[in-house]
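Worksheet: one structure, shown below.
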Amino acid sequence: MHPTLFIELRCEELPARFVRIAETGLRDAVLQLLNGIAHGAVRTWATPRRVALAVEDLAPARPEELSVVTGPAEAAAYRDGKPTPAAVGFAKGKGVPVEELILVDSPKGRVIAAQVRSGGQRVIDLLAQGLGDAILGIPFVHTMTWGPARWARPIHGLVALYGEALVPASVAGVAAGRETLGHRLHPGPITISGAEAYAAALRAHFVIADRAERELTIRSQLDAAAHALGLQVGELDLVDEVVDLVEWPQVVTCAFDQGLLHLPPRLLVESMGVHQRVFPLFSGDILSNRFLAVSNHPFAATDPECAATIAAGNAKVLGARFHDARFFYAEDRKKPLAVHGEKLARMQWIRGGGTMADKGARVGAIAEELAPRLGATGAAAARAGGLSKADLATQMVGEFPELQGHVGRLLAAFDGEPAEVSLAIEEHYLPRFSGDQLPTAALGLAVALADRLDTLTRTFALGLKPKGSADPLGLRRAAGGVVALLLHAGLRIELPLLLRIADRAGASASAGLDAAAVGALTEEQLAELVGFVMDRARAALAEPHATDVVNAVFASRDHDVVALAARCGAMSALAADPAFEALKTTFKRVMNITKDHTTTTFDPTALIEPAEQALAATFGEARDRARACAEASDFAGALHALVKLRGPVDSFFDAVLVMAPEPALREARLGLLSAIALEFRRIADFKHLN
Amino acid sequence: MKFQDLILTLQRFWGDQGCAVLQPYDLEMGAGTFHPATFLRALGPAPWRAAYVQPCRRPGDARYGENPNRLGHYYQFQVIMKPSPADIQQRYIRSLEAIGVDLKKHDLRFVEDNWESPTLGAWGLGWEVWLDGMEVTQFTYFQQVAGFELNPISAELTYGLERLAMYLQGVDNVFDLVWVDGITYRDVYLRNEQEQSAYNFQHADTDQLLRSFEGAQAECIKLCRLGLALPAYDQCMKSSHLFNLLDARGAISVAERARTIGRVRTLALACARTWQGLPVDEPAGGAA
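Now the structure itself:
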């Protein structure tokens with residue numbers, strides 16, 4: 011058993027989102043440095059103020075290797091038995107004494123050679139020389155300089171031990187030692203004897219070094235505190251961030267002013283999470299005025315005065331944050347949502363794209379047009395679309411932009427709008443990002459789709475297509491949203507048609523509004539936009555499906571996203587079939603042999619062999635069945651019908667020579683195979699499968 | 012701790028750390044960072060340490076003195092140290108202890124916050140410092156000012172004095188703060204909040220403000236070309252404040268807003284170049 015390597019790097023508070031990057035980064039950097047050296051298990055620890063690593067059973071040095079390097083010919087290397095300058099130079103270059111050169115036979119005849127040792131570098135030396143740069147090379151998204159170096163935050167301490175031995179490394183001007191510090195309120199110093207004692211030593215100084223353990227601690231404390239109040243904690247996603255904001259988690263129970271509960275609960279819940287990283291408590295679905303803060307305080311558990319101080323502080327922040335909200339919300343409710351919306355006429359959407367009022371009108375018109383296809387009523391869609399942006403003019407949204415849509419919903423409900431309309435006003439913002447929730451009702455779907463189609467058609471009409479990776483108007487996100495919404499709705503429609511419908515409806519709604527917003531898409535812009543959305547569709551489908559499957563399906567060049575997704579699904583299911591390899595071989599052969607053949611019709615009477623006549627007959631049935639299935643969006647069924655042709659196709663290839671010398675026969679055989687290939691291409695072109 | 016004792020204690024503390032204790036700059040500004048002692052002195056290689064109170068005007072945040080937490084005029088305590096001392100975080104924590112924050116009772120947290128001022132072409136990395144969940148200080152390692160990469164790096168600390176004092180005094184309304192025995196924040200500033208709010212939101216003459224804005228811009232560039240960085244920068248600060256007034260009056264559309272901020276930034280960059288003896292009309296490292 012070799013000694014264990016232990017490294018701890020101490021710094022000022024890392025951003026929470028960087029703690030794990032630092033943890034894996036340190037591990038990767040050190041293992042890279044020790045590449046080729048045998049070792050046992052690797053452990054890591056991380057808090058906002060430190061990352062640490064242990065490499066167990068680490069061999070002391072890289073293994074040595076001896077290799078023979080050949081040099082000049084013997085004749086050039088020695089004269090009168092003495093080494094020539096060529097030999098001396100060669101030996102020097104290889105780092106061996108000239109008298110240790112040997113003679114070997116090579117394809118070029120007898121030459122001199124050096125026996126060169128490589129490897130053998132000691133762990134201690136590798137770390138002493140390389141650890142500092144390896145640490146500074148950890149890839150963070152943002153780094154800063156503070157004088158001695160550039161890293162995520164200033165570095166203050168380094169412990170580096172190989173067994174008992176101190177590794178003489180340094181980073182950012184900090185030399186390695188054996189001491190570290192604990193929690194700010196109980197710093198030590200702490201002398202570290204090695205990896206085994208590390209976590210316990212830190213625990214005695216109020217630091218839980220293990221990230222997973224901190225997470226468990228937080229979860230169990232949250233549960234216990236909620237339980238003690240007879241309440242429940244809501245979403246726990248925030249735990250992931252809070253874990254990396256503290257070294258010694260201690261949950262504190264807090265309460266805000268009951269009067270704030272009159273505010274929209276979502277405002278309270280989101281602000282608690284986003285701004286304060288605290289956990290709201292619920293009684294069933296009802297928000298309570300109690301909440302839980304995860305402090306970093308060692309004494310909060312034992313000193314009631316300390317806990318009370320922390321709770322009072324957190325409650326005060328919430329009160330201050332919501333004082334304006336209470337006022338704004340009361341003011342906003344004095345006017346109907348539609349009246350707020352009138353102010354949108356003074357709010358620009360994007361340069362040249364008219365005002366937000368214009369946008370709202372277009373969204374209403376497009377939603378009305380799309381509604382019947384989605385199972386919603388046109389009039390409700392027009393109403394919801396027309397009101398969808400009105401809350402942007404409220405004081406509440408001005409103050410809390412994250413509540414856009416939600417405030418609209420609350421005000422619409424307050425005004426007595428139908429429930430489906432107010433719900434659609436909120437849901438039309440979904441999805442806000444890739445993988446986000448989607449609208450739950452058809453009306454929300456219609457308005458959400460209309461909003462994104464409007465954004466895309468108008469921006470492309472204005473020539474604002476994203477260039478490079480920059481996408482300031484969020485058009486990729488809008489296109490991804492269109493794809494997600496179509497898939498969610500199961501709406502079978504060709505994209506060019508859908509975009510043209512949106513374009514026309516939007517343009518007609520713009521008549522009489524800001525003239526700058528008008529201007530239908532040219533054919534060229536439409537084609538560009540179709541390609542832009544198709545790229546997002548391809549990206550979305552490449553997540554659940556293999557790339558070659560997606561390529562095979564997209565080779566058809568049609569633009570019905572829902573059908574494309576279903577075809578990818580059918581292909582992926584087929585690919586899981588044990589017979590798939592054989593199927594692929596057969597039908598790739600069909601695809602390849604017909605690739606230069608342009609017609610997909612054939613004269614069945616020209617076929618003479620039983621095998622080909624049988625194939626022609628089976629094909630007719632398979633084709634009809636496949637088309638009927640595809641018509642009903644059952645692409646698995648269609649594919650199933652077609653792959654049944656494998657036996658007859660194999661028999662066909664065994665029995666006949668496709669490239670028959672007689673032109674009519676050859677044409678008929680190629681035609682038959684082309685017809686089969688065509689049916690496959692309607693689902694997926696096997697040529698693109700790996 | 013009374014409001015003025017908070018100021019006096021911070022001044023004494025940072026004075027003892029070797030900072031020059033300055034007095035507020037005599038022009039309107041939106042944040043202590045605008046003070047030439049920070050914006051201009053962060054540039055270039057010369058060491059610099061200063062601490063000062065800076066009254067800040069944010070016309071849009073004014074609430075006629077009716078909101079217990081929001082003010083159109085408030086105080087920041089600003090510290091800048093260049094180069095940033097290795098133990099600046101420790102020194103900051105000691106300053107909290109000096110003003111009476113007992114860390115055995117309070118939860119102190121450094122939460123990532125990357126500061127950026129589009130107006131000044133400046134950014135830095137650091138934290139919001141949280142005391143029991145309340146942001147009491149902005150702690151920034153400046154990385155760039157006016158588009159110039161900084162070397163050495165300055166550490167900038169900005170204490171929100173009213174908020175800190177409210178916490179230390181345990182009051183829920185800023186106007187209840189005790190300034191000194193017998194005088195409250197209300198006595199000093201309530202009427203100012205009321206009247207300035209009326210000006211900011213109702214009576215400021217936007218045409219006149221726009222003309223002043225244009226005038227300050229022209230003057231700033233003229234002075235830069237004459238190599239007079241400090242008077243030029245005064246005009247830059249004025250134009251920034253005029254922009255804030257116009258914005259509070261709703262006289263600047265969303266689209267126009269970004270463009271106007273860009274115009275002020277151009278002035279700030281020109282001043283920064285002039286301050287460093289560089290010709291005015293070349294962009295600063297493409298960062299403009």
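Going line by line, the protein sequences match chains V and E. When the letters of the first sequence are read in order and numbered with the numbering used here, they come out as residues 11 to 700. When the letters of the second sequence are read in order and numbered with the numbering used here, they come out as residues 12 to 299. The beta carbon of each residue, even a glycine, is placed where N, CA and C say it ideally should be.
Test: residue i CB closer than 8 Å to a CB of chain E
{"i": "A525(V)", "result": "Its pLDDT being 46, under 50, A525(V) is placed unreliably in this model, and the coordinates cannot settle the point."}
{"i": "E33(V)", "result": "no"}
{"i": "M282(V)", "result": "no"}
{"i": "L195(V)", "result": "yes"}
{"i": "M154(V)", "result": "yes"}
{"i": "N324(V)", "result": "yes"}
{"i": "P25(V)", "result": "yes"}
{"i": "P375(V)", "result": "Reading the sequence as shown, one finds Ala at residue 375(V) and not Pro. So, not an interface residue."}
{"i": "H315(V)", "result": "First, the amino acid is wrong: residue 315(V) is Glu here, not His. Closer than 8 Å to some Cβ of chain E, the Cβ of E315(V) qualifies, so yes."}
Other residues of its chain near residue i: CB distance less than 7 Å, five sequence neighbours each side excluded
{"i": "A310(V)", "result": "Q260, V262, C316, A317, I320"}
{"i": "V50(E)", "result": "One point to set straight first is that residue 50(E) is Phe, not Val, in the sequence displayed. Answer for F50(E): T44, L131, V156, listed in chain order."}
{"i": "N203(E)", "result": "H84"}
{"i": "F24(E)", "result": "S106, A109"}
Buried or exposed by the 16-neighbour rule on C-beta atoms within 10 Å, applied to residue i
{"i": "K93(E)", "result": "buried"}
{"i": "F254(E)", "result": "buried"}
{"i": "T54(V)", "result": "buried"}
{"i": "T169(E)", "result": "buried"}
{"i": "G408(V)", "result": "exposed"}
{"i": "A674(V)", "result": "exposed"}
{"i": "F443(V)", "result": "exposed"}
{"i": "A298(E)", "result": "With a pLDDT of 39 at A298(E), under the threshold of 50, the predicted position of this residue should be treated as unreliable, and no value is reported."}
{"i": "H1(V)", "result": "Outside the displayed span of chain V (11 to 700) sits residue 1(V), for which this structure offers no information."}
{"i": "F150(E)", "result": "buried"}
{"i": "L212(V)", "result": "buried"}
{"i": "F424(V)", "result": "exposed"}
{"i": "M248(E)", "result": "buried"}
{"i": "T285(E)", "result": "buried"}
Sequence-distant residues of the same chain with beta carbon closer than 6 Å to residue i, five excluded per side
{"i": "D570(V)", "result": "R502, E504"}
{"i": "C639(V)", "result": "G647, A648"}
{"i": "I91(E)", "result": "T49, A61, S165, E167"}
{"i": "D267(V)", "result": "G329"}
{"i": "E127(E)", "result": "W134"}
Closer than 8 Å to chain V by CB, residue i
{"i": "G196(E)", "result": "Residue 196(E) is actually Tyr in this sequence, not Gly. No, its Cβ sits nowhere closer than 8 Å to a Cβ of chain V."}
{"i": "L142(E)", "result": "yes"}
{"i": "W138(E)", "result": "yes"}
{"i": "P47(E)", "result": "no"}
{"i": "A298(E)", "result": "With a pLDDT of only 39 at A298(E), under 50, the local geometry of the prediction cannot be trusted, and the value read off the model is given with reservation. A298(E) does not count as touching chain V."}
{"i": "Y244(E)", "result": "no"}
{"i": "Q28(E)", "result": "no"}
{"i": "P58(E)", "result": "no"}
Residues near residue i by beta carbon distance below 8 Å, same chain, minus five either side
{"i": "A526(V)", "result": "Because the pLDDT of A526(V) is 45, which lies under 50, any placement of that residue in the model is unreliable, and the number read from its coordinates should be weighed accordingly. So the qualifying residues of the chain are G362, G363, G364."}
{"i": "P308(V)", "result": "H193, L195, H196, F216, W258, Q260"}
{"i": "T256(E)", "result": "Here residue 256(E) turns out to be Leu, not Thr, going by the sequence shown. Here the set comprises P70, N211, A215, L220."}
Item checked: Residues, ordered as in the chain, of the segment 114-127 of chain E that lie near chain V by beta-carbon distance below 8 Å -> L114, K115, K116, H117, D118, L119, R120, F121, V122, E123, N125
Next item on the list: Could you tell me whether the segment 408-423 of chain V touches the segment 264-281 of chain V, where touching means 3 or more Cβ pairs closer than 8 Å?
Entry: yes
Item checked: At least three beta-carbon pairs within less than 8 Å, the segment 452-463 of chain V to the segment 485-495 of chain V -> yes
Checklist line | Cβ-based contacts, 7 Å cut-off: residues of the segment 201-212 of chain E near chain V | finding: none
Margin query: Using a Cβ-Cβ cutoff of 9 Å, what residues of the segment 144-174 of chain E are near chain V? List them in chain order.
Written below: G144, M145, E146, Y152, Q154, E160, L161, N162, P163, I164, A166, R174
Next item on the list: Assess, as a yes-or-no matter, whether the segment 604-623 of chain V is touched by the segment 14-23 of chain E under the definition of 3 or more beta carbon pairs within less than 8 Å.
Entry: no
Note to self: Under 8 Å, with one C-beta from each stretch per pair, do the segment 241-259 of chain V and the segment 286-299 of chain V reach the 3-pair mark?
What the structure shows: yes
Check: Any chance the segment 613-630 of chain V sits against the segment 549-557 of chain V, with 3 or more Cβ pairs inside 8 Å?
Finding: no
Notebook entry, point to check: What residues in the segment 69-91 of chain E bring their beta carbon closer than 9 Å to a beta carbon of chain V?
Noted result: R74, E77, N78, P79, N80, R81
Checklist line | Contact between the segment 679-687 of chain V and the segment 62-74 of chain E (3+ Cβ pairs under 8 Å) | finding: no
Next item on the list: Output, in sequence order along the chain, the residues in the segment 172-192 of chain E whose CB is closer than 9 Å to any CB in chain V.
Entry: R174, M177, Y178, G181, D183
Next item on the list: Report yes or no: do three or more beta-carbon pairs, one from the segment 690-699 of chain V and one from the segment 565-585 of chain V, lie closer than 8 Å?
Entry: yes
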